[in-house]
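Q: First to last, the protein sequences are chains A and B.
Our numbering applies: residue 36 is where the first sequence begins, and numbers increase by one.
Our numbering applies: residue 465 is where the second sequence begins, and numbers increase by one.
By construction, the Cβ of each residue, glycine as well, lies at the ideal position given by its N, Cα and C atoms.
Below is a structure I'd like to ask you about.
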Amino acid sequence: MLSASHRLQADALSAEANRTAYGKCNNPFGHGHNYVVEVLAGGDVDSETGMVVNMAALDEVVRQRVLDRFDHANLNCDPLFVNQVPTTENLCRAVFGVLKDAMPAGKLEYVRVEETENNFFEYSGS
Amino acid sequence: MVELTRRATFSASHYYWNDSWSPEKNEQVFGRCARRNGHGHNYTLEVTVAGEPDAVTGFVVDLKWLKDAIESEVLAAFDHRHLNIEVPEFAEGKLIPTTENIAVAAWKRLEPAVKKAGGARLSRVRVYETPEIFAEYRGEA
């Protein structure tokens, strides 16, 4: 789980257009979520270990590359979100991007990010 | 392409019954689900749309729009209703309100609204009858 704040504001749009597009998510001081991040690794089951990927190794990669970076952070302050709005769609793609070449085994199949209990987003790399 | 899913819940009653079968056969195939007084569930509906995030807003679709569309196209008809009696797709024995058929019915109700809004396509409708059982429909291939 990743607790972070964000504010949805597109600099290319006027203040009115931002308010219309984002509603309460445009409130000036931001707001937060407990994001739930799921990482799906796919691959063949290793004949010796019985694993697709060692879960402890995957946890460590996710901790270093995702949690240490985004947990208890303000997403708007991260370099990844200088030129794009930190919607959960873009967060999903960003997490995929930082993980895809760092998998200890197997292939990154998708990243799923649950913003609230009522909505979640999935990105499979294309 | 990013897939965005909105969850909603509705509470409804139903029973499973095929009018062209004998009562014995209905009871044999459907078990307790064939009881004609019906029974109920808290269903969970997950509606997934797919598209490219807008380069400016970062949205696939406006989540508020999707929430309202689910409410007006599906929940208004299904929530706190008896599916066999009050929902046109299932009324008069036309279709058995199984989880599978509810998923397809929800898809057919939502697809025109999603197409009209543009920007994303309806990708998946999943209906949980209980936390352990769900049916999923992705449209015709």
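1. 8 Å is my cut-off, CB to CB: does residue 75 (chain A) come that close to chain B?
2. Residue 59 (chain A) by DSSP, collapsed to three states: which one?
3. Please list, in chain order, the residues of the stretch 105-125 of chain A that have any C-beta partner in chain B closer than 7 Å.
4. Assuming residue 539 (chain B) and residue 474 (chain B) are in contact, meaning their beta carbons sit under 8 Å apart, how far apart are those beta carbons, in whole angstroms?
5. For residue 156 (chain A), which residues in chain B fall below 9 Å Cβ to Cβ?
6. Contact between the stretch 100-108 of chain A and the stretch 52-67 of chain A: three or more CB pairs below 8 Å?
7. Is the shortest distance between the beta-carbon of residue 128 (chain A) and the beta-carbons of chain E less than 8 Å?
8. Measure from the C-beta of residue 48 (chain A) to each C-beta in chain B and report whether the shortest distance is under 8 Å.
9. Closer than 7 Å by C-beta to residue 517 (chain B): which residues in its own chain qualify, once you throw out the five before and the five after it? Chain order, please.
10. Mind pulling the chain A residues with CB within less than 7 Å of residue 520 (chain B)?
11. State the Cα-Cα distance for the pair residue 583 (chain B) and residue 51 (chain A), rounded to the nearest angstrom.
12. So residue 596 (chain B) is in the alpha helix (DSSP H); what residue range does that whole segment cover?
13. May I ask you to list the residues that DSSP assigns as paired with residue 142 (chain A)?
14. Among A:139, A:140, A:134, A:86, whose alpha-carbon lies nearest the alpha-carbon of residue 158 (chain A)?
15. Quick one: which residues of the stretch 134-152 of chain A get their C-beta closer than 8 Å to a C-beta of chain B? List them in chain order.
16. Bridge partners of residue 467 (chain B), per DSSP?
17. Taking only runs that begin and end inside the stretch 502-554 of chain B, name each unbroken alpha helix (DSSP H) of 4 or more residues, in chain order.
A: Reading off the structure:
1. For residue 75 (chain A), no Cβ of chain B is located within less than 8 Å of the residue's own Cβ.
2. helix
3. 119, 120, 122, 124, 125
4. The Cβ separation is near 5 Å, so the contact holds.
5. 466, 467, 468, 469, 524, listed in chain order.
6. no
7. The chain labelled as chain E is not found among the protein chains of the depicted structure, namely A and B.
8. yes
9. Result list for residue 517 (chain B): 466, 523, 524, in chain order.
10. 45, 47, 48
11. 22 Å
12. Segment: none, residue 596 (chain B) is in no alpha helix (DSSP H) and carries neither H nor E.
13. A:77
14. A:134
15. 152
16. A:157, B:514
17. 527-534, 547-550
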